[in-house]
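Q: Going by full-length UniProt numbering, the first residue of the sequence shown is number 1, and it counts up by one from there.
Could you have a look at this structure, given as structure tokens, before my questions?
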Amino acid sequence: NGDEEYGGLTFDFYNKTCPQLEKIVEDAISSMSKEDPRTPAALLRLLFNDCVVMGCDASILLDLKDRSKSEMGSFSNFGIKKRELIGQIKSMVDKVCPKQVSCADILVLAARESVAISQGPRIRVPLGRRDSTVAYTNFDADTHLPQVDSFLGYSLGKLRDLGGGMTDEEVVALLGAHTLGTSSCATIQYRVDFPGIIETDTNFVNKLRKTCPKGALSNYNTSLANDRTPYKFDNDYYSASFGGRSLLVIDATLTQDQRTVEQAGRFVTDQAYFFKMFSSAFVKLSVTQVLTGNDGEIRNQCNKLNRAN
1 NGDEEYGGLT FDFYNKTCPQ LEKIVEDAIS SMSKEDPRTP AALLRLLFND CVVMGCDASI
61 LLDLKDRSKS EMGSFSNFGI KKRELIGQIK SMVDKVCPKQ VSCADILVLA ARESVAISQG
121 PRIRVPLGRR DSTVAYTNFD ADTHLPQVDS FLGYSLGKLR DLGGGMTDEE VVALLGAHTL
181 GTSSCATIQY RVDFPGIIET DTNFVNKLRK TCPKGALSNY NTSLANDRTP YKFDNDYYSA
241 SFGGRSLLVI DATLTQDQRT VEQAGRFVTD QAYFFKMFSS AFVKLSVTQV LTGNDGEIRN
301 QCNKLNRAN
């Protein structure tokens, strides 16, 4: 039964109330990605950072008067962009199906389309999420999100618990989302400062040191591509890890941990299998602690609770 497996979500949730939903989101992401090719990576990260903090409930989209105390005030959310796009898509959807579709579902669909438009797998996702009625804090985000300089072993336990339980192989596949996009110098300082702790290509470290000089203020604005194909969803992320060219500590340690090196090796040689496992992990991520039925609300505006309107 899909309802039980997906926490009350179903694949046909909007068949009657908003049959055009998926097409509207697909067209919007297509247009937004043409305007800015960085959009897919931003939306995929946005979904992950929403779901990991108290579930997939669009809480990351909420704007508080004091931003420093909101989820966005956490350093783990540094560099999160494009939150406003979900609100823009919500307005498009509401013109056709007013007050039917949650921001949480739109965010999941936007991330799904971001993978597909980047030549990744097209993933079927169950729908029916509702939006949170509370705003979480920077402390909540700090507690739940993996730290940017954390080793894989530390994050593995946190990520295994998502969506009712992921296998190590699904966690390794989910980390493959880093194949899209860039990382800021500010988030990779550990790689530059302590290159000997993790096996690293020497030329690569020298390049990082030139691009991201220690203590430079420009490090918050300078970014590097996560792998050789930052706009294409593929398995090059794993090749970068095996070659000692990963930017983030968690990515670099992926191929040096006995629990994950074998799976990463299989993904390097079999992209279709990586796509299959990523799809499975994506669905599990998207059903993490969802609100359904009478829980939560369908927000009128994605960045505000209804009672605040």
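Don't be surprised by glycine CBs; every beta carbon is placed ideally from N, CA and C.
Only a predicted model underlies this, so the values are computations on that prediction, with no experimental measurement involved.
What residues in its chain sit with their C-beta under 6 Å from that of residue 321, if we drop five residues either side in the sequence?
A: As displayed, the chain neither begins before 1 nor continues past 309, which places residue 321 out of reach and without an answer.
Q: Going by C-alpha to C-alpha distance, which of Val290, Ile298, Gln271 and Asp257 sits closest to residue 311?
A: The structure shown does not extend to residue 311, since the chain is modelled only from 1 through 309, so no value can be given for it.
Q: Taking buried to mean at least 16 other C-beta atoms within 10 Å of its own C-beta, is Pro40 buried or exposed?
A: It counts as buried.
Q: Nearest to Thr229 by alpha carbon, out of Gly73, Gly181, Gly215 and Tyr6?
A: The residue with the shortest Cα to Cα distance from Thr229 is Gly181.
Q: With Leu43 and Ala111 assumed to form a contact (beta carbons below 8 Å), what rounded beta-carbon distance in angstroms separates them?
A: The Cβ separation is near 5 Å, so the contact holds.
Q: Say whether the stretch 259-276 touches the stretch 170-178, bearing in mind that this needs 3 or more beta-carbon pairs closer than 8 Å, one atom from each stretch.
A: The stretch 259-276, when compared against the stretch 170-178, does touch it at the 8 Å Cβ threshold.
Q: Looking only at its own chain, which residues have a Cβ that is under 7 Å from the Cβ of Ile80, when we skip the five neighbours before and after it?
A: Excluding residues within five positions, the ones whose Cβ falls inside 7 Å are Arg45, Leu46, Asn49 and Met72.
Q: Comparing C-alpha positions only, which one of Gly176, Arg259, Ile198 and Arg38 sits nearest to Tyr273?
A: Answer by Cα proximity: Gly176.
Q: For Leu224, report the span of its beta strand (DSSP E) as first-last.
A: Run containing Leu224: Ser223 to Ala225, per the beta strand (DSSP E) assignment.
Q: Could you check where the beta strand (DSSP E) with Ser239 kicks off and where it finishes?
A: That residue, Ser239, is in no beta strand (DSSP E); its alpha helix (DSSP H) goes Asp236 to Phe242.
Q: Who are the Cβ neighbours of Ser74 in its own chain at under 7 Å, not counting the five residues just before and after it?
A: Cβ within range, chain order: Asn138, Ala141, Asp142 and Leu145.
Q: Can you tell me which of the three DSSP states Thr292 falls into?
A: Three-state DSSP puts Thr292 in coil, outside helix and strand.
Q: Label Asp227 either buried or exposed according to how many other C-beta atoms from any shown protein chain fall within 10 Å of its C-beta, with 16 as the threshold for buried.
A: That one is buried.
Q: May I ask you to verify whether the stretch 276-288 touches the stretch 120-129, counting CB pairs closer than 8 Å and requiring at least 3?
A: Output reads yes: the stretch 120-129 touches the stretch 276-288.
Q: How big is the Cα-Cα spacing for Gly8 and Asn303?
A: About 25 Å.
Q: Would you kindly work out how many angstroms separate the C-alpha atoms of Gln100 and Arg299, rounded to a whole number?
A: For Gln100 and Arg299, the distance between alpha carbons rounds to 10 Å.
Q: Express the C-alpha separation of Ile198 and Asn1 in angstroms, rounding to a whole number.
A: Confidence is the limiting factor: at Asn1 the pLDDT is only 38, short of 50, which leaves the residue's position unreliable, though a coordinate-based value still follows. Spanning the two alpha carbons is a distance of roughly 45 Å.
Q: As a quick exercise: from Leu62, Pro126 and Lys82, pick the residue whose alpha carbon is nearest that of Glu22.
A: Of the listed residues, the one whose Cα sits closest to Glu22 is Pro126.
Q: Does the Cβ of Gly296 have 16 or more other Cβ atoms within 10 Å, making it buried, or fewer, making it exposed?
A: Looking at its Cβ environment, which holds 16 or more other Cβ atoms inside 10 Å, Gly296 is buried.
Q: Taking only three categories from DSSP, how would you classify Lys284?
A: Here Lys284 sits in helix by DSSP.
Q: From what residue to what residue does the alpha helix (DSSP H) around Ser74 run?
A: Note, Ser74: premise wrong, no alpha helix (DSSP H); not H, not E.
Q: Straight-line CA distance for residue 317 to Gln20?
A: Since the first and last residues shown for the chain are 1 and 309, residue 317 lies out of range.
Q: Identify, in the order they occur along the chain, each residue of the same chain with its Cβ nearer than 7 Å to the Cβ of Asn306, setting aside the five sequence neighbours on each side.
A: Cβ neighbours of Asn306 beyond the five flanking positions: Glu297, Arg299 and Asn300.
Q: Output the distance between the C-alpha atoms of Leu208 and Ala225, rounded to the nearest integer angstrom.
A: Answer to the nearest angstrom: the Cα atoms are 11 Å apart.
Q: Roughly how many whole angstroms lie between the Cα atoms of Thr179 and Ser118?
A: Taking the straight line joining both Cα atoms gives about 10 Å.
Q: Beta-carbon within less than 8 Å of Met54's beta-carbon, same chain only, minus the 5 sequence neighbours each way: which residues are those?
A: Only Ser132, Tyr136, Asp140, His144 and Gln289 meet the Cβ criterion.
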